[in-house]
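> With positions in the sequence shown counted from 1, the corresponding number in the numbering used here is that position plus 1322.
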Amino acid sequence: MMDEPAAASVKKTALLHILKYRSQGAMTLSRTAYDEPQSQRAYRLPSIDLLAQEKPQRHAPKPEEDIAAKLDTMFRQLEVDAHVSAFHRGPAVTRYEVTIGPGVTINDIWDHRSTIFYTVATTKLRLFSPIPGKSALSIEIPNADPELVRLGDVLRSGEMASDVSPTLIPLGVDFEERIVTTDLMALPHLLIGGMKDTGKSSFINAMLATILMRATPNQVRILLIDTTRIELSAYAGIHRLPHLLTPLITDPQKAAQALEWVTKEIDARYEDRCQSKRFRTRILDGQVQAPSDTTPRKVSIHPTLIVIVNDPAGLLLGTGNGADDAVRRIAQLGAVSDVHLVLSTIPPYSSNVISAVAKANCPARLSFAMHSGFDSRTNLDYCGAESPIGKGDALFTPTRLTFPVRIQTPWIDETEIRKVITHVRKQPRPPYPTADAFLKTL
């Protein structure tokens, strides 16, 4: 018979085992068991050579130095104890770090915003304090000669090459010229917002191309819904793309049916995992033991499923609460079954479409340029997204962090998208019995 401390230790071990499953188990199962099937050994991932490289541009620091000098002169004339201590040029925006003297507040700086606008000849600037890890505030000013961040350059970077996760997504480049990435497995869902023609649709296409470049269909499957019929048009009419569970869905009624199927798939996956000895533990005689191999039903191994819904407003208007209930259920329960949701909204509908429950389960936010601070609060939960200048300039709020990271998202042109799709369509498509059966009903 164990004493109480020993029993407590065993229970703690079992709990840690369960928690490890919830955070990592799904990835471990789908990555190991799903890489082996004979039908998949002939699958060839697209070559990185399909994506173009941008010619490196060298910029003299003269424009940034001139702006820094103008800001310092302005502070002296306004008799504000502040000066530009450093600046960092990003692809589209430069951050000027302003160190302030004792007794000076950020409001003292912001009260002179009209003068700042005039001094730097733009109203599209962003000011916030403090810069994470520094005793300084930031003034972010658009560059006169913005640079293009190509997806091909990002995928060739060490940050992407060193991580083989098929759900790793390149978000873009920050002020330090670092590649910013995130893994959908860890998010586990993503809420994207932004006006039209701000780079949002280009980012979604870059995300899809990244998955097609790095993952096999036995690792990742995708469900695409786009009621706008425009932003994901590159995938329209394609009936044989191995990663897609169905062709691109543009009809709201069919989209609602597909989302309802996803909720049933989540339930089936959860049942499989409950039956699998890998994800069950029990305490017996002071040891954590796995149950016997005998299970009442056959356990299936599933690929990661990514559900991308572009413009939920059109979906809701066409189907009512049915689709909303399905989206909410996927956001709540999908992560544990390796199902990940990407919602892309267009203001001003954002505040009416995404329910509070769905938003609460999508802590990661990516915001492109918004109309107003209200739209920014709807997507980011605070102001700031009205500042990006468009053309891929965005704010990313990662999970468990309270401050946004400003990035220039990657861009991919239509020619590159067609090249990737053409290659992938020639590859073998492994069966997915439940999805294939559902497809026949659409």
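Every residue gets a Cβ at the ideal spot worked out from N, C-alpha and C, and that includes glycine.
Roughly how many angstroms separate the alpha carbons of residue 1468 and residue 1592, rounded to a whole number?
47 Å
> How many whole angstroms separate the CB atoms of residue 1566 and residue 1544, which I take to be in contact at a CB cut-off of 8 Å?
6 Å
> Please look up how many angstroms separate the CB atoms of residue 1721 and residue 1685, rounded, as I've assumed it's under 8 Å.
5 Å
> For residue 1745 and residue 1626, I'd like the C-alpha separation in whole angstroms.
21 Å
> Quick one: what's got a C-beta closer than 6 Å to residue 1659's C-beta in the same chain, skipping five residues either side?
Closer than 6 Å at Cβ, skipping near neighbours: 1588, 1591, 1592.
> Applying the 10 Å Cβ sphere with the 16-neighbour rule, what's the burial state of residue 1649?
buried
> Near residue 1375, which residues of its chain fall below 7 Å by C-beta distance, leaving aside the five closest residues on each side in sequence?
The residues 1472, 1474, 1475, in chain order, have a CB closer than 7 Å to that of residue 1375 in the same chain once the five nearest residues on each side in sequence are set aside.
> Are residue 1574 and residue 1561 close, meaning C-beta to C-beta below 8 Å?
no
> Would you report the Cα separation of residue 1683 and residue 1400, rounded to the nearest angstrom?
46 Å
> Would you list the one or two residues that DSSP bridges to residue 1683?
Bridge partners of residue 1683: none, in fact.
> Leaving aside the five residues before and after residue 1426 along the sequence, list all residues of the same chain whose C-beta is less than 8 Å from its C-beta, in chain order.
Around residue 1426, the same chain offers 1402, 1403, 1404 as residues with beta carbons nearer than 8 Å, after the five sequence neighbours per side are excluded.
> Nearest CA to the CA of residue 1502: which residue from 1365, 1728, 1511, 1414?
Nearest option by C-alpha distance: 1728.
> Residue 1532: which of 1758, 1757, 1738, 1748 sits nearest, CA to CA?
1738
> Would you kindly work out how many angstroms separate the C-alpha atoms of residue 1450 and residue 1596, rounded to a whole number?
47 Å
> By the three-class DSSP mapping on this structure, what secondary structure does residue 1730 have?
strand
> Please find out if some non-hydrogen atom of the ligand NAP comes closer than 7 Å to the beta-carbon of residue 1632.
Absence of the ligand NAP is noted for the structure shown, with no ligands found whatsoever.
> Check for me: the alpha helix (DSSP H) holding residue 1742 runs from which residue to which?
1736-1747 is the span of the alpha helix (DSSP H), which, as asked, contains residue 1742.
> Could I get the ranges of all uninterrupted alpha helix (DSSP H) runs contained in the segment 1497-1581, with 4 residues as the minimum, in chain order?
1522-1536
> Can you tell me where the alpha helix (DSSP H) holding residue 1481 begins and where it ends?
1480-1483
> The alpha helix (DSSP H) spanning residue 1470 covers which residue range?
Premise fails: residue 1470 is in no alpha helix (DSSP H) and is neither H nor E.
> Can you give the beta carbon distance from residue 1664 to residue 1630, rounded, assuming they're within the 8 Å contact cut?
5 Å
> Taking C-alpha atoms, which residue in 1418, 1633, 1713 lies nearest to residue 1313?
The shown model of the chain, from 1323 to 1764, leaves out residue 1313, and the question about it has no answer.
> Under the assumption that residue 1632 contacts residue 1553 (Cβ atoms under 8 Å), give the Cβ distance between them as a whole number of angstroms.
5 Å
> Between the alpha carbons of residue 1499 and residue 1411, how many angstroms are there, rounded?
Taking the straight line from one Cα to the other gives about 8 Å.
> What are the boundary residues of the beta strand (DSSP E) that includes residue 1668?
No beta strand (DSSP E) contains residue 1668, which DSSP labels as neither H nor E.
> Would you mind stating whether residue 1718 and residue 1520 have Cβ atoms separated by less than 8 Å?
no
> Could you pull the start and end residues of the beta strand (DSSP E) that residue 1717 belongs to?
1715-1719
> Are residue 1286 and residue 1669 closer than 8 Å when you measure CB to CB?
With the chain represented from 1323 up to 1764, any question about residue 1286 goes unanswered, as that position is not in the structure.
> Since residue 1577 and residue 1547 are thought to touch, with beta carbons under 8 Å apart, how far apart are those beta carbons, to the nearest angstrom?
5 Å
> With a cut-off of 8 Å on the beta carbons, I'd call residue 1764 and residue 1652 a contact; round off their distance for me.
18 Å between Cβ atoms; not a contact.
> Can you check DSSP and say which residues form a bridge with residue 1407?
Residue 1407 is not bridged to any residue.
> Just verifying my parser: in three-state terms, what is the DSSP assignment at residue 1650?
Helix.
> Let's see if you can read the secondary structure: which residues bound the alpha helix (DSSP H) around residue 1442?
1435-1442
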